[in-house]
Amino acid sequence: MTLYNYLYYILLPLLAIAVLLVFYRFYKGPTLSDRVVALDLLISIGIGIIALHSIITKQPTFLDNAMILALIAFLTTTAFSYYLEKRKKK
Amino acid sequence: MMMDIIIAVLTTLGTVFILLAGVGIVRMPDLYLRISVTTKAATLGIGLILGGAALYFKDNGVTSRVLAIIFFMLLTAPIGAHLIGRASYFIGLPLWGKTKYNDLKGKYNRDSHECNSGKPANEEETEEQSS
Chain A
16 MTLYNYLYYI LLPLLAIAVL LVFYRFYKGP TLSDRVVALD LLISIGIGII
66 ALHSIITKQP TFLDNAMILA LIAFLTTTAF SYYLEKRKKK
Chain B
223 MMMDIIIAVL TTLGTVFILL AGVGIVRMPD LYLRISVTTK AATLGIGLIL
273 GGAALYFKDN GVTSRVLAII FFMLLTAPIG AHLIGRASYF IGLPLWGKTK
323 YNDLKGKYNR DSHECNSGKP ANEEETEEQS S
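Just so you know, the protein sequences line up as chains A and B, in that order.
According to the numbering used here, the first sequence is numbered sequentially starting from 16.
According to the numbering used here, the second sequence is numbered sequentially starting from 223.
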């Protein structure tokens, strides 16, 4: 089994299962904070998927998108926690 | 061929850690435990997968890019987890029923958003008496 097949047929489906589990928590999560944590983890898994995809397609340019996604993940978490703390009603 | 095996091992470990983070965010009973699981496991898993990518391309530009992403993840993941955990504790999300230690209980002011966790015990008592 070559590296291409291993990454494409085994590791990417495992990451897809992880995305489905996070989406379950994102859908069900009792509070807004649970959904924010799930969104953060979802973007992190997206970075991992982009890295694997750049190995599969032999295109290192995709890693730029991964870097920007990492920046945006931190921004979303910071903004959500800021407004979560500032808002009046629960 | 040897390099392929090393890359396969690194990416497999990273994927398993990310999958464990996904299982943890579903199975953990509490928001704070979920933050604890996802931050650590996802950061480690992404670092391993990106390390595999750096070994695969063997290029200076790619390696520096990967190191920048890993450094940024290591820098921002604890800050984000602390921020969301702090905000959730301030707005009064309940802890798990079996939690034994709640050291911050009664030490924060919900109106002024100040936390008195760093002060010694005497000042807290005087503040409680005055209020």
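We put the CB at the ideal spot given by N, CA and C, even for glycine.
Reducing DSSP to helix, strand and coil, say where B:Tyr330 ends up. strand
Proximity to B:Leu326 [Cα-Cα], best of B:Lys320, B:Cys337, B:Leu296: Distance check between B:Leu326 and each of B:Lys320, B:Cys337, B:Leu296 places B:Cys337 closest, using alpha-carbon atoms only.
Around the Cβ of A:Asp79, are there at least 16 other Cβ atoms within 10 angstroms (buried) or fewer (exposed)? exposed
Would you kindly report the start and end of the unbroken alpha helix (DSSP H) that includes A:Gly61? 47-72
Determine whether the Cβ of B:Leu253 lies closer than 8 Å to any Cβ atom of chain A. yes
Touch test, the region 266-274 of chain B against the region 234-242 of chain B, Cβ-Cβ under 8 Å, three pairs minimum: Output reads yes: the region 234-242 of chain B touches the region 266-274 of chain B.
Nearest-angstrom Cα separation, counted from B:Met225 out to A:Leu30: Roughly 22 Å separates the two Cα atoms.
Beta carbons nearer than 7 Å to chain A: which residues of the region 289-307 of chain B have them? Listed by position, the residues of the region 289-307 of chain B near chain A (Cβ gap below 7 Å) are Ala290, Ile291, Phe294, Met295, Thr298, Gly302, Leu305, Ile306.
Nearest residue (CA-CA) to B:Tyr278, options B:Thr233, B:Met295, B:Leu297, B:Tyr330: Looking from the CA of B:Tyr278, the closest CA among B:Thr233, B:Met295, B:Leu297, B:Tyr330 belongs to B:Thr233.
Closest by CA to B:Ile301, which one among B:Ile291, B:Thr261, B:Ile313? B:Thr261
Sorted by chain position, which residues of the same chain lie with C-beta nearer than 7 Å to B:Ala303's C-beta, five sequence neighbours on each side aside? Ile257, Thr261
Thinking B:Tyr330 and B:Phe312 are a contact (beta carbons under 8 Å), I'd like their distance in whole angstroms, please. 7 Å
Quick one: which chain A residues come within Cβ less than 7 Å of B:Tyr278? Ile70, listed in chain order.
State yes or no: is the beta carbon of B:Ser310 nearer than 8 Å to at least one beta carbon in chain A? In terms of beta-carbon proximity, B:Ser310 lines the interface with chain A, with at least one pair separated by less than 8 Å.
Return the CA-CA distance between B:Leu253 and A:Arg40, expressed in angstroms with no decimal places. 11 Å
Limits of the unbroken alpha helix (DSSP H) element including B:Leu277: Looking at the DSSP string, the run of the alpha helix (DSSP H) that includes B:Leu277 is 253-279.
Burial state of B:Arg249, where buried means 16 or more other Cβ atoms lie within 10 Å: exposed
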